[in-house]
Amino acid sequence: MSTATSSPITTADPTPRDPLTTSARGPVRRRTGSPEAQDRAARAPWRRHLLTLTWALLVATVGVQIAFPLTGGGTLPLTVASVTLLASASVIHLAATRGIASAAALVVVAGGGGLVAEAIGVGTGFPFGTYLYTDSLGWKILGVPVLVPLAWIMMAWPALAVTRRLLRVTRLSAARARVVTPFVGAYALTAWDVFLDPQMVDQGHWAWRHPTPSLPGVADIPLTNFAGWLLVSFLMIGVLDRLVRADAQADDGVPIATYLWTYFSSVLAHAVFFGRPTVAVVGALLMGVVALPLLASVLRHNRSHRIESGTVPGRHRAPR
């Protein structure tokens with residue numbers, strides 16, 4: 001058979017067409033990726049709006065916390081606003097990036113688990129040591145101010161998010177990362193309390209019956225408190241790591257920025273405004289074990305992205 005009898009489609013249109021993206025009626029949208037990815041893409045507009053909202057909540061929190069030193073360490077309205085705004089940012093961020101189920105898991109595990117741990121602590125002295133909340137933080141549930149479980153919600157997700165990011169850099173296997181995550185996450189969360197507890201005790205929000213022995217430079221806060229934090233945080237992060245799916249492609253800028261802001265602002269506040277320079281030094285060292293490698297990771301990633309996109313002067317993407 002001669003080529004003169006070829007298909008009329010080939011004769012009329014010699015340009016090859018991709019049958020998956022074109023048809024006789026015109027372009028056809030290619031469907032790619034898993035059903036989960038397609039569902040995520042379909043709901044992308046409202047997810048983007050929620051992410052924008054979480055950034056707005058974080059910025060508002062920063063503004064409120066900047067006012068703390070100007071009021072001698074913060075008033076109750078400022079404290080309520082700071083904790084509520086940032087806890088909301090954590091919950092909404094999870095809803096936007098991992099779904100409603102993950103956000104609900106954060107509320108139940110961090111909020112509910114934190115409340116149970118604190119109620120047991122107030123009632124029995126285990127696992128933190130013997131302490132008592134005053135009435136300065138407002139409404140209480142089971143002897144625990146409502147703001148306290150909100151504070152667990154506020155920082156539990158950032159602690160898990162930064163832990164996952166740091167472990168991705170180490171390129172551990174998934175099985176090993178699953179084992180290591182609760183340990184690193186517990187440390188990341190407990191290190192924050194090196195700043196938090198002295199500030200709250202100085203403001204009269206709670207008091208320790210036996211404040212010694214304590215960390216060098218962190219007077220009036222017993223070592224049992226940090227041991228209790230490590231235990232509760234280990235359990236909390238371990239459960240959350242199972243319930244909140246890992247997603248290396250998700251935009252986790254908000255929890256990462258939250259952790260870094262908390263670190264640097266706490267160092268500055270204790271060193272300059274709260275009259276606790278030794279807490280600033282000890283906290284800078286202990287929380288810096290997580291925060292400084294995290295910052296280095298973010299800077300490397302941003303520079304690599306700029307090089308890939310050709311926005312760094314004198315640096316160009318290598319030809320393939």
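Residue numbers are given in UniProt numbering: position 281 of the sequence shown equals residue 281, and the series is strictly consecutive. The C-beta atom is built at its ideal place from N, Cα and C for all residues, glycine as well.
Which word fits residue i, buried or exposed, when buried means at least 16 other C-beta atoms lie within 10 angstroms of its C-beta?
i           : result
residue 299 : exposed
residue 208 : buried
residue 204 : exposed
residue 114 : buried
residue 221 : buried
residue 189 : buried
residue 165 : buried
residue 386 : Nothing about residue 386 can be read from this structure; the chain reaches only from 1 to 320.
residue 277 : exposed
residue 225 : buried
residue 129 : buried
residue 82  : buried
residue 169 : exposed
residue 308 : exposed
residue 179 : exposed
residue 76  : exposed
residue 228 : buried
residue 141 : exposed
residue 1   : Any reading at residue 1 must be qualified, since the residue scores a pLDDT of 44, below 50, and its modelled position is unreliable; the value itself is stated next. Counting Cβ neighbours within 10 Å, residue 1 comes out exposed, since fewer than 16 surround it.
With H, G and I counted as helix, E and B as strand and the rest as coil, what does DSSP make of residue i?
i           : result
residue 145 : strand
residue 213 : coil
residue 274 : coil
residue 284 : helix
residue 246 : coil
residue 220 : coil
Of all the options the options, which has the alpha carbon lying nearest to the alpha carbon of residue i?
i           : options           : result
residue 71  : 292, 226, 273     : 273
residue 162 : 171, 110, 184     : 184
residue 123 : 80, 144, 135      : 144
residue 254 : 139, 236, 286, 92 : 92
residue 132 : 121, 139, 89, 178 : 121
residue 112 : 151, 214, 127     : 151
residue 279 : 197, 136, 301     : 197
residue 262 : 169, 79, 138, 192 : 192
residue 90  : 167, 175, 56, 195 : 56
residue 94  : 67, 212, 251      : 251
residue 107 : 155, 294, 139     : 155
residue 283 : 194, 230, 206     : 194
Name the two residues that bound the continuous beta strand (DSSP E) containing residue i.
i           : result
residue 321 : What is shown of the chain runs 1 to 320, which leaves residue 321 out entirely.
In the DSSP assignment, the alpha helix (DSSP H) including residue i goes from what residue to what residue?
i           : result
residue 260 : 253-268
residue 65  : 44-66
residue 228 : 223-243
residue 80  : 76-97
residue 101 : 100-106
ask   = Could you give the uninterrupted runs of the beta strand (DSSP E) lying entirely in the segment 118-200, keeping only those of 3 residues or more?
value = 131-133
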